[in-house]
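Enquirer: Structure below; questions to follow.
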Amino acid sequence: MDHDSIADHCQIEAMRVAATVASGKAVAFLGAGFSLGCKSVKNIDVPSAKELSKQISKLGKFSEDEDLRYTSDKYLENNPPSELIKFLKDTFTIKETCNHHEKIASANWRRCYTTNYDEVFEIASLKIGRRVESLDINSLPSQHYQKNNLCIHLNGHIKKLNEETINSSFKLSESSYVSPDSFLNSEWHYHFKTDIETCSALVFIGYSMYDMEIQKLLFDNESLKAKTYFITSTAPHEKEIHTLKKYGSIIPIGAEAFSELIGNAISQYQDQTSESDRILEGLELYELARPDIAIADRDVENLLVFGAIEQQSIDASITSDAEIPFLVKRNDLETVLRFLENNLNTVICSGFGNGKTIFLKSLLPYLHTRSFDVYQIVDSGADLIGDIDQIISNTQKSVLLIDNYEHHVELVKHIGRINPDNLKLVITSRLHYHSRIKPELLSSGLTFQEIFIDHLTPGEIEDFVPVITNIGAWGERAALSHQKKCEFLKYENDSQISLALLELFKSKHIVASLKSVMEFCDKNAKYRDTVFAASLINVLNQQVTSSLVSEVAFNDEIYSAKLLCEPGFKQLFKKNGNNIKPKSSLFSFFLLKNSFQPSYIVQQLLSVAKKYGAKDGNVYEEQEIFKSLLRFSFIERILPDTTKKANIRKYYEQLKIQVKWLQHDPHYWLQYAMSVMPEKEYPKAQQFLDQAYSLAKSRSNYHTNHLDTQQGRLYLIQAIQSVDPAKSFEYFKLAHALFCKTSNDIYRYRQVDDYAKYYTAHYNRLSNKNKAYFEQACKKMLADVQKLITSNAPTFQNHSPISRAKENLQKTVEEIIFSRAS
Numbered sequence: 001m002d003h004d005s006i007a008d009h010c011q012i013e014a015m016r017v018a019a020t021v022a023s024g025k026a027v028a029f030l031g032a033g034f035s036l037g038c039k040s041v042k043n044i045d046v047p048s049a050k051e052l053s054k055q056i057s058k059l060g061k062f063s064e065d066e067d068l069r070y071t072s073d074k075y076l077e078n079n080p081p082s083e084l085i086k087f088l089k090d091t092f093t094i095k096e097t098c099n100h101h102e103k104i105a106s107a108n109w110r111r112c113y114t115t116n117y118d119e120v121f122e123i124a125s126l127k128i129g130r131r132v133e134s135l136d137i138n139s140l141p142s143q144h145y146q147k148n149n150l151c152i153h154l155n156g157h158i159k160k161l162n163e164e165t166i167n168s169s170f171k172l173s174e175s176s177y178v179s180p181d182s183f184l185n186s187e188w189h190y191h192f193k194t195d196i197e198t199c200s201a202l203v204f205i206g207y208s209m210y211d212m213e214i215q216k217l218l219f220d221n222e223s224l225k226a227k228t229y230f231i232t233s234t235a236p237h238e239k240e241i242h243t244l245k246k247y248g249s250i251i252p253i254g255a256e257a258f259s260e261l262i263g264n265a266i267s268q269y270q271d272q273t274s275e276s277d278r279i280l281e282g283l284e285l286y287e288l289a290r291p292d293i294a295i296a297d298r299d300v301e302n303l304l305v306f307g308a309i310e311q312q313s314i315d316a317s318i319t320s321d322a323e324i325p326f327l328v329k330r331n332d333l334e335t336v337l338r339f340l341e342n343n344l345n346t347v348i349c350s351g352f353g354n355g356k357t358i359f360l361k362s363l364l365p366y367l368h369t370r371s372f373d374v375y376q377i378v379d380s381g382a383d384l385i386g387d388i389d390q391i392i393s394n395t396q397k398s399v400l401l402i403d404n405y406e407h408h409v410e411l412v413k414h415i416g417r418i419n420p421d422n423l424k425l426v427i428t429s430r431l432h433y434h435s436r437i438k439p440e441l442l443s444s445g446l447t448f449q450e451i452f453i454d455h456l457t458p459g460e461i462e463d464f465v466p467v468i469t470n471i472g473a474w475g476e477r478a479a480l481s482h483q484k485k486c487e488f489l490k491y492e493n494d495s496q497i498s499l500a501l502l503e504l505f506k507s508k509h510i511v512a513s514l515k516s517v518m519e520f521c522d523k524n525a526k527y528r529d530t531v532f533a534a535s536l537i538n539v540l541n542q543q544v545t546s547s548l549v550s551e552v553a554f555n556d557e558i559y560s561a562k563l564l565c566e567p568g569f570k571q572l573f574k575k576n577g578n579n580i581k582p583k584s585s586l587f588s589f590f591l592l593k594n595s596f597q598p599s600y601i602v603q604q605l606l607s608v609a610k611k612y613g614a615k616d617g618n619v620y621e622e623q624e625i626f627k628s629l630l631r632f633s634f635i636e637r638i639l640p641d642t643t644k645k646a647n648i649r650k651y652y653e654q655l656k657i658q659v660k661w662l663q664h665d666p667h668y669w670l671q672y673a674m675s676v677m678p679e680k681e682y683p684k685a686q687q688f689l690d691q692a693y694s695l696a697k698s699r700s701n702y703h704t705n706h707l708d709t710q711q712g713r714l715y716l717i718q719a720i721q722s723v724d725p726a727k728s729f730e731y732f733k734l735a736h737a738l739f740c741k742t743s744n745d746i747y748r749y750r751q752v753d754d755y756a757k758y759y760t761a762h763y764n765r766l767s768n769k770n771k772a773y774f775e776q777a778c779k780k781m782l783a784d785v786q787k788l789i790t791s792n793a794p795t796f797q798n799h800s801p802i803s804r805a806k807e808n809l810q811k812t813v814e815e816i817i818f819s820r821a822s
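Counting in full-length UniProt numbering, the sequence shown runs from 1 upward without gaps.
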């Protein structure tokens, strides 16, 4: 290619990058070359790193050198820092920027990072009427990250330079680069990785090898390389070209020429996207494709075992009668439709692995074929509220589906506040998330119905049996009759999809395959940690991004091309850009429980808990991971059955040591108490609950509903198991009194369901007075559960814990009445 052709190619690529920048989804990374042409308060040009090093040598009166770390270190070893600080402030306090800085600053960058000390970007932004907030790596991301117009100074900010920061957050000398608050060890490093994953382009402008070692920022990753661009001078040095080309495309046109292209691209973008024909940025209208698709056995197995949810297959199954049994069409699809036709929002809740994502994907074709415009989120970082405003500006009846709505609470609350007539929500969440967030939604004005889909109806069980039969997955139960298989799903698996599938996973074929696939982790501990981290994040219902995986794994192997090419890794995960697509959360759970030693799991969980428990300003994903690592229900479920009791005890004993503030946290002691109840260590459980109550009293507005529920549970367990009739009844009275105090919800009735067990074990030994008390207690709870069902009739009637509690209470009261009559 001749010189003119190369120049033309660079110009075309530069124009394409500028167009991407104009769309508002690019990240800027500004190096020292960006500030060239600016004047300081002393009316001098901003120096390059090499020139700055020479000037510090001159200030320190020693031989000139171009190594900035060396010269600054040497100066500070032999001189007080005050003169150097004054010199730096005079040099990097800017009074004048250039036109091209303003044009670059005028772009709607998703985020701006810089290795520069100066405020060139901020001042240029101010000149065009935009205020940009200057941060350094000591600023807590949680307090700023959701804001627009940020400039993060990775090497320090000139206004924060003083005798303390010159050897810490202000990166100049060797000691500052190796200080604990270095960028690579700071909380901003995670957010930088997140930004480069989600941006449309990562644009380095004026980057110099003296700014920061590029290898520590970028990775050997083709998907990142494809969207990384270096805007360099028109004649970059050969060493610079050699290094930068490994990580992205070099565009040697200079910042000034690139700024002209950005200006032109912004004008064209604004002309093409007027408010009247604004293109949706983060929401997508679902379109039903009608492919000629034949569902095969492998599609069914991939769905059931690996959670490979292909929308086309679901579309075909919902809109037509498939020859091969593929999908159980849930009765609640019709319930959601009825709610929407009555202008009602809907929350779909389920426990772990019970099919809420498949349910939502089934709703796409189901609602589309019933004349709804159905939208879903495709870019969480986009202007979703702007999209909502555009959708409600037309009159078409629309519905927005949001899976795991806990990641989009502010958007859901926004829709609740404006309550548009022509847009309704169908959102999903795991039950414990929804229970926690529900008061926020209600206070925002959002009204909604709730549907719980954990348990299959008898008809759905009838439909599920042939799905398993068709792929030959019954194993030892293959010879059972259809009716016996239905009973197995209903009684031994509590009508839950998750429990049934976990039984299928235990087949020798799947266990052997999993062992073979995981062999690549045996030769590399970092690979093992990465697989563990990705699986854990998936089980915890968080988005499995490369940035979050690298944080939880404590390494960056997830960016390694070598790992991504491992056949075993490719069987477990799919790489989609910078997102990791695991198998289903249920399969990830099975992987964790069957491929890692219990001691390893405990150690990894403790390390993650220590990391996130020590941070003051965790972002949402980190907060949720930490909360999950406190919950006994999660720890108990994830640990293998081998030596489970000892490992749970070890975990909770160590947790308060690794995260010391938990010793003063009532929620921790509640979870610790729950962990010892199954082992019948009732005095120890009571000790921990007493500790929790005492700490709760010291906190203002601390609600003890969960504490009361578990204390009531402990009393009821001891009431059932006690051999002393008087003591047994006292425990029952204490339990009932507490349950009467708790909220009238599912958590209460999971415990109250055991009133029937108390009846069987002790009723006939009670005095007449105590029998009357017990009867009234059952009638009280029966009236309350009926009230709960009546207020949520379409949803709670068939919700297993609720309906089972009602059925058992009703049966108990009837038996009491019958025994009295006879």
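Ideal Cβ placement from N, Cα and C applies to all residues, glycine included.
What you are looking at is a predicted structure, and each value in this text was computed from that prediction instead of being measured.
What are the residues that DSSP puts in a beta bridge with Ala201?
Expert: In the DSSP output, where bridge partners are listed per residue, Ala201 has Ala26.
Enquirer: Nearest-angstrom Cα distance between Thr114 and Asn167?
Expert: Approximately 19 angstroms between the Cα atoms of the pair.
Enquirer: Using DSSP bridges, identify the partner residues of Gln390.
Expert: Answer by DSSP bridge pairing: none, since Gln390 is not bridged.
Enquirer: Can you give the beta carbon distance from Glu460 to Asn331, rounded, assuming they're within the 8 angstroms contact cut?
Expert: The Cβ separation is near 7 angstroms, so the contact holds.
Enquirer: Can you say whether His153 is buried or exposed, counting buried as having 16 or more other CB atoms within 10 angstroms of its CB?
Expert: Burial call: buried.
Enquirer: Just to check my reading of the structure: Arg111 and Leu150 have Cβ atoms closer than 8 angstroms, yes? What is that Cβ distance to the nearest angstrom?
Expert: Yes, Arg111 and Leu150 are in contact; Cβ-Cβ is about 6 angstroms, under 8 angstroms.
Enquirer: If distances are taken between C-alpha atoms only, which option among Val467, His414, Tyr405 comes closest to Ser444?
Expert: Of the listed residues, the one whose Cα sits closest to Ser444 is His414.
Enquirer: What is the DSSP secondary structure of Gln376, reduced to helix, strand or coil?
Expert: Strand, per DSSP.
Enquirer: Suppose the cutoff is 6 angstroms on Cβ atoms and the five residues either side in sequence are ignored; what does the same chain contact list for Ile816 look like?
Expert: So the list reads Glu775, once near-sequence residues are dropped.
Enquirer: Assign Lys245 to buried or exposed, taking buried as 16 or more other Cβ atoms, counted over all protein chains shown, within 10 Å of its Cβ.
Expert: Per the 10 Å Cβ criterion, exposed.
Enquirer: Do Phe634 and Gly613 have their C-beta atoms within less than 9 angstroms of each other?
Expert: No. Outside cutoff.
Enquirer: Sorted by chain position, which residues of the same chain lie with C-beta nearer than 7 angstroms to Ser595's C-beta, five sequence neighbours on each side aside?
Expert: Leu514, Met518, listed in sequence order.
Enquirer: Out of Phe532, Ser550, Trp109, which has the shortest C-alpha to C-alpha gap to Phe29?
Expert: Of the candidates Phe532, Ser550, Trp109, the one whose C-alpha sits nearest the C-alpha of Phe29 is Trp109.
Enquirer: Quick one: residues in its chain with C-beta nearer than 8 angstroms to the C-beta of Tyr559, no 5 flanking neighbours on either side, listed in chain order?
Expert: Only Phe219, Asp220, Asn221, Leu224, Ser546, Ser550 meet the Cβ criterion.
Enquirer: Out of Glu341, Val347, Ile358, Leu283, which one is the CA nearest neighbour of Ser313?
Expert: The candidate whose alpha carbon is nearest that of Ser313 is Ile358.
Enquirer: Is the separation between the beta-carbon of Ser106 and that of Ile253 shorter than 9 angstroms?
Expert: Not in contact: Ser106 and Ile253 (Cβ atoms no closer than 9 angstroms).
Enquirer: In whole angstroms, what separates the C-alpha of His432 from that of Arg637?
Expert: In a straight line, the C-alpha of His432 is about 15 angstroms away from that of Arg637.
Enquirer: I need the straight-line Cα distance from Thr760 to Tyr405, nearest angstrom please.
Expert: Answer to the nearest angstrom: the Cα atoms are 42 angstroms apart.
Enquirer: Just verifying my parser: in three-state terms, what is the DSSP assignment at Asn185?
Expert: Asn185 falls in the helix class under three-state DSSP.
Enquirer: Take Ile802 and list the residues in its own chain whose beta-carbon comes closer than 7 angstroms to its own, dropping the five residues that flank it on each side.
Expert: Here the set comprises Ile746, Tyr749, Val785, Leu788, Ile789, Phe796.
Enquirer: Can you give me the C-alpha to C-alpha distance between Lys610 and Gly416, rounded to a whole angstrom?
Expert: In a straight line, the C-alpha of Lys610 is about 37 angstroms away from that of Gly416.
Enquirer: Please classify residue 838 as buried or exposed, where buried requires at least 16 neighbouring CB atoms within 10 angstroms.
Expert: Nothing about residue 838 can be read from this structure; the chain reaches only from 1 to 822.
Enquirer: Taking the alpha helix (DSSP H) that Val552 belongs to, which residues open and close that run?
Expert: Where Val552 is concerned, the enclosing alpha helix (DSSP H) stretches over 546-553.
Enquirer: If Asp90 sits next to Val46, beta carbons under 8 angstroms apart, how far is it from one beta carbon to the other, in whole angstroms?
Expert: That belief does not hold up - the Cβ atoms of Asp90 and Val46 are roughly 11 angstroms apart, past 8 angstroms.
Enquirer: Measuring only the C-alpha atoms, how far is Ser371 from Asp387?
Expert: Taking the straight line joining both Cα atoms gives about 20 angstroms.
Enquirer: Please report how far the alpha carbon of Val531 lies from the alpha carbon of Glu557, in whole angstroms.
Expert: The straight-line gap from Cα to Cα measures roughly 10 angstroms.
Enquirer: Within its chain, find whatever has a CB closer than 8 angstroms to the CB of Val467; leave out the 5 residues flanking it on each side and keep chain order.
Expert: Correct list, in chain order: Val300, Leu304, Pro325, Phe326, Leu327, Val328.
Enquirer: Leaving out five residues on either side along the sequence, give the residues of the same chain with a beta carbon under 6 angstroms from the beta carbon of Ala22.
Expert: Result list for Ala22: Ala265, Ile266, Tyr269, in chain order.
Enquirer: Where does Tyr491 land, buried or exposed, given buried means 16+ other C-beta within 10 angstroms?
Expert: Burial call: exposed.
Enquirer: Taking the runs of the beta strand (DSSP E) that are 3 residues or longer, which of them lie wholly in the segment 326-353?
Expert: Correct list: 345-350.
Enquirer: Straight-line CA distance for Phe732 to Arg436?
Expert: Spanning the two alpha carbons is a distance of roughly 29 angstroms.
Enquirer: On the three-state DSSP scale, how would you describe Tyr405?
Expert: Three-state result, Tyr405: helix.
Enquirer: Near Leu572, what residues of its chain come up, given a Cβ to Cβ distance below 6 angstroms and the 5 sequence neighbours on each side ignored?
Expert: If we look at Leu572 and ignore the five residues flanking it on each side, it has no Cβ neighbours.
Enquirer: If you compare alpha carbons, which of Gln483, Thr369, Leu344, Lys757 is closest to Glu287?
Expert: Of the listed residues, the one whose Cα sits closest to Glu287 is Thr369.
Enquirer: Are Ile471 and Asp297 touching if we call contact CB-CB under 9 angstroms?
Expert: Cβ distance < 9 angstroms, so Ile471 and Asp297 count as in contact.
Enquirer: Could you tell me which of Leu591, Asp383, Pro458, Leu670 sits nearest to Ala512, measuring between CA atoms?
Expert: Considering only alpha carbons, the answer is Leu591.
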